[in-house]
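Step one of this worksheet: look at the structure below.
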Amino acid sequence: MKRAHVLLFPAVREGWGLSVIEANAVGTPAIGYDVPGLRDAIVDGRTGSLVASGDMAEMANESVRLLLNESEWSKIAREALEYSRGFDWDNTASQFLKRLAS
Numbered sequence: 001m002k003r004a005h006v007l008l009f010p011a012v013r014e015g016w017g018l019s020v021i022e023a024n025a026v027g028t029p030a031i032g033y034d035v036p037g038l039r040d041a042i043v044d045g046r047t048g049s050l051v052a053s054g055d056m057a058e059m060a061n062e063s064v065r066l067l068l069n070e071s072e073w074s075k076i077a078r079e080a081l082e083y084s085r086g087f088d089w090d091n092t093a094s095q096f097l098k099r100l101a102s
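In my numbering, the protein residues as written are 1 to 102.
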C-alpha cells in the first residue's frame, strides 16, 4: 500500500474500514463510498474522499482528480498519515479501557 497513490474502497457495506486506516498509516489516502463505517475511517476532503454509494464513475473521476492535483494529493496524504496515528493499538486500548471504567 505504501507505493500506491490512492486506495479505492468500493464497499457498499462496511463495519469500520480497517484497510483504510492501514493505508493511511503509510500515507495513502482512500476514496470510498459514503456509507456508515467508512465515514469513521475517511474524513471527506481531509484524509480522502467519500463519493455517492454505488457510483463507480464518481469514484473513478475523484481518483483521477486527486491524482492530477499533486499539491492536494500531498496535503491529503499527510493528513491521512496524521489521522491514522490516532488509531494505534495503545491509544485504542486506552480509550477502550476508559469506556469500560465509566
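Where is the CB? At the ideal position from N, CA and C, for every residue including glycine.
Can you list, in chain order, the residues of its chain whose CB lies under 6 Å from that of residue i, leaving out five sequence neighbours each side?
i: glutamate 79; result: Arg46 and Thr47
i: alanine 4; result: Thr28
i: glycine 37; result: Glu14, Gly15, Trp16 and Gly17
Any idea what DSSP makes of residue i, helix, strand or coil?
i: serine 49; result: strand
i: valine 31; result: The identity of residue 31 in the sequence shown is isoleucine, whereas the question assumes valine. Three-state DSSP puts isoleucine 31 in a strand.
i: aspartate 90; result: helix
i: aspartate 44; result: strand
I need the straight-line Cα distance from residue i to residue j, nearest angstrom please.
i: proline 126; j: serine 94; result: This structure gives no information on residue 126, because the portion of the chain shown stretches from 1 to 102.
i: valine 12; j: leucine 97; result: 31 Å
i: asparagine 69; j: tyrosine 83; result: 21 Å
i: asparagine 55; j: glycine 32; result: It is worth fixing the name first, because residue 55 is aspartate in this sequence and not asparagine. Taking the straight line joining both Cα atoms gives about 10 Å.
i: glutamate 72; j: leucine 66; result: 7 Å
i: valine 64; j: valine 43; result: 19 Å
i: alanine 101; j: serine 74; result: 40 Å
Does residue i have its Cβ less than 8 Å from a Cβ in chain D?
i: aspartate 34; result: Reference to chain D is not applicable here, since this structure consists of a single protein chain.
Could you pull out every residue in the same chain whose Cβ sits closer than 7 Å to the Cβ of residue i, ignoring the five residues on either side in sequence?
i: isoleucine 21; result: Ala41, Ser84 and Phe87
Assuming residue i and residue j make a contact with CB atoms under 8 Å, what is their CB distance in whole Å?
i: aspartate 34; j: serine 19; result: Going by Cβ atoms, the distance from aspartate 34 to serine 19 rounds to 17 Å, so no, they are not a contact pair.
What's the call for residue i, buried or exposed, on a 16-neighbour Cβ count within 10 Å?
i: asparagine 24; result: buried
i: leucine 7; result: buried
For residue i, collect the residues of the same chain with a Cβ closer than 8 Å to its Cβ; drop the 5 residues on either side in sequence, then sort them by chain order.
i: arginine 39; result: Leu50
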